[in-house]
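Top to bottom, those sequences are chains A and B.
Plus 98 on top of the position in the first sequence (first one is 1) and you've got the numbering used here.
Plus 98 on top of the position in the second sequence (first one is 1) and you've got the numbering used here.
Have a look at the structure below before the remarks.
There are 2 protein chains.
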Amino acid sequence: MTGRLYVLGVGPGDPELMTLKSVRILRQVATVFVPKGREEGSSLALSIVQKAVDLSDKEIIESYFPMRKTRGSVAQEDLDAQWQDTVKAVMERLNSGIDVAFITLGDPTIYSTFFYLHDRLIDLNPDISIELVPGVSSITAAAARSGTYLGIADDRVAILPANYTGDLRDVLMQFETVVLMKVSKVFSNIVSTLRDVNLLDKAVYVARAGMEDEQVVRDLREVREEDLNYFSIVIVRK
Amino acid sequence: MTGRLYVLGVGPGDPELMTLKSVRILRQVATVFVPKGREEGSSLALSIVQKAVDLSDKEIIESYFPMRKTRGSVAQEDLDAQWQDTVKAVMERLNSGIDVAFITLGDPTIYSTFFYLHDRLIDLNPDISIELVPGVSSITAAAARSGTYLGIADDRVAILPANYTGDLRDVLMQFETVVLMKVSKVFSNIVSTLRDVNLLDKAVYVARAGMEDEQVVRDLREVREEDLNYFSIVIVRK
């Protein structure tokens, strides 16, 4: 009997936003894999889980992942080596019949690090048992914390990560709601684009939704450069 | 002291996908408002909650909402009257200092019925205390159940409800991932559009994600007309 790999979305930051299912699974598994990046948020997923579940008798394996990565921005060979270490550690345990959990901030299907591992695991063993357990996404958490909605009725919603190129204006015209992810690096561009298309007053900035140091700023002109946070989202609702 | 209105996302269907927070709040409040539509799923939110929390000592108020509504499709006066009843019932309890919960399937910020109430409540009392508690969305649950992701790295994601007009092709060209909500009424149109743009093999159909009678169909040609379900989603990933 081989073990099962559970990929758990642990929600946006508030331990109470973990699901009953992820808490139950974390209590059951022997080993917890924690993605670890260079950013301050790297061990955030672990700190969330530790507030809700006693992990003292578990094996904790921290794996380095460059969280801010976009395609082609990091030397592929380095990444491959790092991922291979994690793949190997996961496989050893599964092959010994040990169930393991891989935790991700928010939800595993939205911009999580897990899917960089996924194909490598499947390549090694196509019969590997993987269960993705959805979690509360930082996107809906940001909407909730700012008291707005992403969509009602026949609204259309676009989600764009930080590296959007010149077509932000087009998307703003086409969609009732536009969610801009990880805006800190390009914040001033966003503000000027929104001003140009007269949507600056329709935008809200939310950083670290659901965490203790959460920020909700309804006037983007008031967001100070030094406050800009990796876990920041702008929601534009027309 | 007036009471607080908690708007709780109870997740996509599996009671274990409720958050710790929504369970705690449901244990604390005296009254639970349940949106009730004409469709079969109308009391689904209540049945999810009942599997996780003992509601036997709570006041349960079912409020009629036409869940399939899109703007302008239902006589506005009828809706107004129905909503006013619920608004009144909520306000009476809050004014008596009673905390109440309004439960919504999935997440309250994504196509939930709550926001039809929200403005009416604020109109009556701008100081009303409302807390939106995010939940697991049916969108990420559908992605998880079909073993795919909605986005990694700099992918762009579009979410379109069923009433999309002629621009589905454009959106399919522009976005790496397109999520089509509540596809049952327009399913054959979707299939033919996807075939035209050569993306039929990149789509997956997921109905009732996380529920006992969940369906995941990887070849849209195999989805039978009679199986089409109100709670159905198509995810197209290029």
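For each residue, glycine too, the CB sits at the ideal point set by N, CA and C.
These figures come from a predicted structure and were not determined experimentally.
Within chain A, partners of residue i - CB distance below 7 Å
i	result
Phe-213(B)	Tyr-247 and Ile-250
Pro-206(B)	Ala-242
Pro-224(B)	The contacting residues do not exist; Pro-224(B) stays about 12 Å from chain A at best.
Interface residues of chain B facing residue i [CB-CB closer than 7 Å]
i	result
Val-234(A)	Thr-117, Pro-232, Gly-233 and Val-234
Residue i: contacting residues in chain B (beta-carbon distance under 8 Å)
i	result
Ile-288(A)	Those within 8 Å of Ile-288(A) in chain B number zero; the least Cβ separation is about 15 Å.
Asp-294(A)	Chain B residues near Asp-294(A): none, gap ~20 Å exceeds 8 Å.
Val-121(A)	Leu-118
Ala-143(A)	In chain order: nothing, as chain B lies at least about 16 Å away.
Glu-114(A)	Thr-117, Leu-118, Lys-119 and Arg-122
Close-in-space but distant-in-sequence residues of the same chain around residue i (CB under 7 Å, 5 per side omitted)
i	result
Ile-226(B)	Leu-103, Leu-192, Leu-219 and Ile-220
Ile-295(B)	Residue 295(B) is actually Val in this sequence, not Ile. The residues are Arg-267 and Leu-270.
Arg-125(A)	Val-151
Val-276(B)	Ala-256, Leu-258, Val-269, Leu-270 and Val-334
Lys-119(B)	Val-231
Cβ of residue i within 9 Å of any chain B Cβ
i	result
Phe-329(A)	no
Arg-102(A)	no
Tyr-209(A)	yes
Val-334(A)	no
Lys-167(A)	Note that Lys-167(A) scores 46 on pLDDT, short of 50, meaning its location in the model is unreliable and no value can be drawn from it.
Gly-107(A)	yes
Gly-308(A)	yes
Val-315(A)	no
Ala-128(A)	no
Ile-159(A)	no
Under 9 Å between C-beta atoms of residue i and residue j
i	j	result
Phe-329(A)	Lys-283(A)	no
Pro-206(B)	Pro-232(B)	yes
Ala-239(B)	Gly-109(B)	yes
Leu-326(A)	Ala-301(A)	no
Leu-222(B)	Val-185(B)	yes
Glu-114(B)	Thr-117(A)	yes
Ser-244(B)	Val-314(B)	yes
Gly-101(B)	Met-309(B)	no
Val-289(B)	Arg-322(B)	no
Lys-336(A)	Leu-297(A)	yes
Ser-210(B)	Val-105(B)	yes
Tyr-214(B)	Phe-213(A)	no
Ile-237(B)	Gly-204(B)	yes
Ala-367(A)	Leu-278(A)	Outside the shown range of chain A (99 to 336) lies residue 367(A), about which nothing can therefore be said.
Beta-carbon contacts of residue i that lie in its chain and below 6 Å, excluding the five residues immediately before and after
i	result
Phe-273(B)	Arg-254 and Ala-256
Ile-208(B)	Ser-235
Arg-316(B)	Val-302
Val-127(B)	Asp-197, Val-198 and Ala-199
Tyr-162(B)	Lys-134 and Gln-180
Thr-291(B)	Leu-266
Lys-156(A)	Val-130
Neighbourhood of residue i by C-beta distance below 8 Å, restricted to the same chain and skipping five residues each side
i	result
His-216(B)	Ile-228
Ser-141(A)	Val-132, Lys-134 and Glu-160
Gly-249(B)	Val-255, Glu-274 and Thr-275
Val-121(B)	Ala-150 and Val-151
Short CB-CB distance (under 9 Å) between residue i and chain A
i	result
Ala-305(B)	no
Phe-131(B)	no
Ile-146(B)	no
Thr-238(B)	yes
Ala-260(B)	yes
Asp-265(B)	yes
Pro-110(B)	yes
Arg-319(B)	no
Cβ-heavy atom distance, residue i to the ligand HEM, below 8 Å
i	result
Ile-226(A)	Looking for the ligand HEM in the displayed structure turns up nothing, as the structure carries no ligands at all.
Residues that residue i contacts on chain A, provided the C-beta gap is smaller than 8 Å
i	result
Ala-256(B)	Arg-254, Val-255, Ala-256, Ile-257 and Phe-273
Ala-150(B)	Leu-118
CB contact below 9 Å: residue i versus chain E
i	result
Val-269(A)	Looking for chain E here will not work: the only protein chains present are A and B.
Partners in chain B for residue i, counting only beta-carbon separations shorter than 9 Å
i	result
Glu-312(A)	Ordered by position in chain B, no residue passes the 9 Å Cβ test against Glu-312(A), which lies about 13 Å from the chain.
Within chain A, partners of residue i - CB distance below 9 Å
i	result
Glu-324(B)	Residues of chain A passing the Cβ test: none, with the nearest at roughly 26 Å.
### Query
When you check each C-beta in the stretch 185-203 of chain B against every C-beta of chain A, which residues fall closer than 8 Å?
none
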